Structures are given as structure tokens and as C-alpha cells.
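**Student:**
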Amino acid sequence: TSNGGNVFGILAGATILLLVLSVTATVLGRRRAPVSLPALPGETAPTPPVAGADLARAAELGLAEMGDLSRDPRAAIIACYLAME
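If you read the sequence shown in our numbering, its first letter stands for residue 5, the second for the next number, and so on.
Take a look at the structure:
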């Protein structure tokens with residue numbers, strides 16, 4: 005039993021050490037500011053695409069497919085997914 009207690013102590017110590025390292029890495033990772041590269045002279049930053057209109061259109065198409073009462077529910081949901089892709 006003395007050998008079992010020794011193994012338990014080693015495992016408990018290793019567990020505590022790994023928990024402390026994990027918490028430390030998490031805290032340090034969250035404290036760092038995100039790195040962004042400066043733009044080259046004469047180069048403009050790309051503008052993100054505007055997805056508002058496309059998203060609204062996809063939602064309207066999906067709802068139109070769901071509103072078709074001639075389909076069974078499963079086929080209507082599949083048609084909705086296909087319309088929104």
C-alpha cells in the first residue's frame with residue numbers, strides 16, 4: 005500500500021501542475037492583443053462583402069419553399085435548405 009500511496013501522490017501532483025499550466029496559458033492567451041499587420045503604402049484594406057441583402061433574399065426563398073403546402077414537410081424542409089444555399 006505504500007507504493008500505491010506514492011503513485012497517487014505523483015499523479016495528484018502532476019494533475020495539479022497541468023491544471024496550473026492550463027489556467028496560466030488561458031489567462032496569458034486572452035490578455036494578448038490580436039496581431040494585425042500594417043497595410044503597405046498605397047494599399048487599401050479590402051472591404052468585407054455586404055451579406056445583408058443576400059441573407060434576406062435567401063431567407064425569403066427558404067420561407068417560400070416552406071410555405072408550399074403541396075409538399076410533405078420533409079420535402080419542404082429539404083427544398084428550404086437547397087434554396088438557402
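Quick reminder that beta carbons are idealized off the backbone N, C-alpha and C, glycines included.
None of these values were measured; they are calculated from a predicted model.
Counting pairs of Cβ atoms below 8 Å between the segment 26-38 and the segment 58-71, do you hit three or more?
**Tutor:** The segment 26-38 is not in contact with the segment 58-71.
**Student:** Rounded to a whole number of angstroms, what is the C-alpha to C-alpha distance between Thr-28 and Leu-15?
**Tutor:** Position 24 of the sequence shown, counted from the start, is the residue given in the question as residue 28. Position 11 of the sequence shown, counted from the start, is the residue given in the question as residue 15. Whole-angstrom Cα-Cα distance: 20 Å.
**Student:** Return helix, strand or coil for Thr-51, following the three-state DSSP convention.
**Tutor:** The count along the sequence shown starts at 1 and reaches residue 51 at position 47. It is coil, neither helix nor strand.
**Student:** What is the DSSP secondary structure of Asp-58, reduced to helix, strand or coil?
**Tutor:** Within the sequence shown, the letter at position 54 stands for residue 58. Reduced to three states, the DSSP call for Asp-58 is helix.
**Student:** Give the DSSP-derived three-state secondary structure of Glu-89 in the structure shown.
**Tutor:** In the sequence shown, counting from the first residue as 1, residue 89 sits at position 85. Here Glu-89 sits in coil by DSSP.
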